[in-house]
Amino acid sequence: SGKDVSGPRNLLGIVEQLVVGKTYVMEILRDGKHVNKDLTMKAMPNSFSVARDEKPLEGSSKQKQKTSVNELKLEVQPLTEELANQLGYSNEVTGVVITSVEPGSAAEEAGLTKGMIIEKIGTTEVSTMDQFNQGLKEAKGKDSVLLLVRNHSGARFVVVQK
């Protein structure tokens, strides 16, 4: 996509925005030479969701405040200061953290991934689980939901079809 990669976090942010199934040309530096390689994006297998040395998201097993969102086919939990630090976000970021996305769901097709922050549902600001649930209630009966989500590349609006 013509973007320079400055480090692993930057690469992760770029890869999160690529379309599964699409082929991209990637320029790499190998043995001092610039080499172009075709790269076809594939969905990450569930077994790859947490690296061996990486800690799972705080409370990503059963936790009282975690909500299974059947309509959007994703799970979220409150963004705590500790979790924001673990995920590499500043303490000014607010919202709820996506802890899992059902494979093949509309949420996955819209590009939502584990570790993203949902800051808004429709016109509802989201900084608590109650606000998240309120935003979902307001979206009931609609064909799609507009979300403001954040990853390490910044914030963007995403439409999830129901």
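Position 53 of the sequence shown, counted from 1, bears residue number 53 in full-length UniProt numbering, the numbering being contiguous throughout. From the three backbone atoms N, C-alpha and C, an ideal C-beta is built for every residue, glycine too.
Among Ile28, Glu138, Asp4, Met41, which has the Cα closest to the Cα of Gly111? As a first step, residue 111 is located in the sequence shown; it is residue number 111 there, counting from the start. Per the Cα distances, Met41.
Helix, strand or coil for Gln17 per DSSP? The residue given as residue 17 occupies position 17 in the sequence shown. Three-state DSSP puts Gln17 in coil, outside helix and strand.
Please return the same chain residues whose Cβ sits closer than 8 angstroms to the Cβ of Ile14, not counting the five positions on each side in sequence. If you number the sequence shown from 1, residue 14 lands on position 14. Residues of the same chain with a CB within less than 8 angstroms of the CB of Ile14, apart from the 5 flanking positions on each side, are Ser1, Lys3, Val5, Ser153 in chain order.
Could you check which residue in Gly32, Glu119, Thr94, Val93 has the C-alpha nearest to that of Phe157? Taking the sequence shown and counting its residues from 1, one reaches residue 157 at position 157. Comparing alpha carbon positions, the residue from Gly32, Glu119, Thr94, Val93 closest to Phe157 is Glu119.
Leu136 bridges to which residues according to DSSP? Position 136 of the sequence shown, counted from the first residue, corresponds to residue 136. Leu136 is not bridged to any residue.
Supposed close pair Ile28, Val35 - CB separation, criterion 8 angstroms: On the sequence shown, position 28 is the one that residue 28 refers to. On the sequence shown, position 35 is the one that residue 35 refers to. Confirmed, Cβ separation roughly 5 angstroms.
Quick one: residues in its chain with C-beta nearer than 8 angstroms to the C-beta of Ser105, no 5 flanking neighbours on either side, listed in chain order? Residue 105 sits at position 105 when you count from the first residue of the sequence shown. Same-chain partners within the cutoff: Leu72, Lys73, Leu74.
Among Asp38, Lys33, Lys162, Gln134, whose alpha-carbon lies nearest the alpha-carbon of Lys22? Counting from one through the sequence shown, the residue named residue 22 turns up at place 22. If we check each option's Cα against that of Lys22, Asp38 comes out closest.
Can you tell me where the alpha helix (DSSP H) with Ala43 in it begins and where it stops? Residue mapping note: residue 43 aligns to position 43 of the sequence shown, counting from 1. Counting along the chain, Ala43 falls outside any alpha helix (DSSP H), and DSSP gives it neither H nor E.
Pick from Leu148, Asp143, Lys114 that is closest to Val76, judged by C-alpha positions: Stepping through the sequence shown from its first residue, residue 76 is reached at position 76. Taking only the C-alpha atoms, the option nearest Val76 is Lys114.
Let me know the secondary structure DSSP gives Asn36 once reduced to three states. For the purposes of this step, residue 36 is taken as the residue at position 36 of the sequence shown. Strand, per DSSP.
In angstroms, rounded to a whole number, what distance separates the CA positions of Glu16 and Glu108? As a first step, residue 16 must be located in the sequence shown, where it is residue number 16. As a first step, residue 108 must be located in the sequence shown, where it is residue number 108. Rounded to the nearest angstrom, the two C-alpha atoms are 11 angstroms apart.
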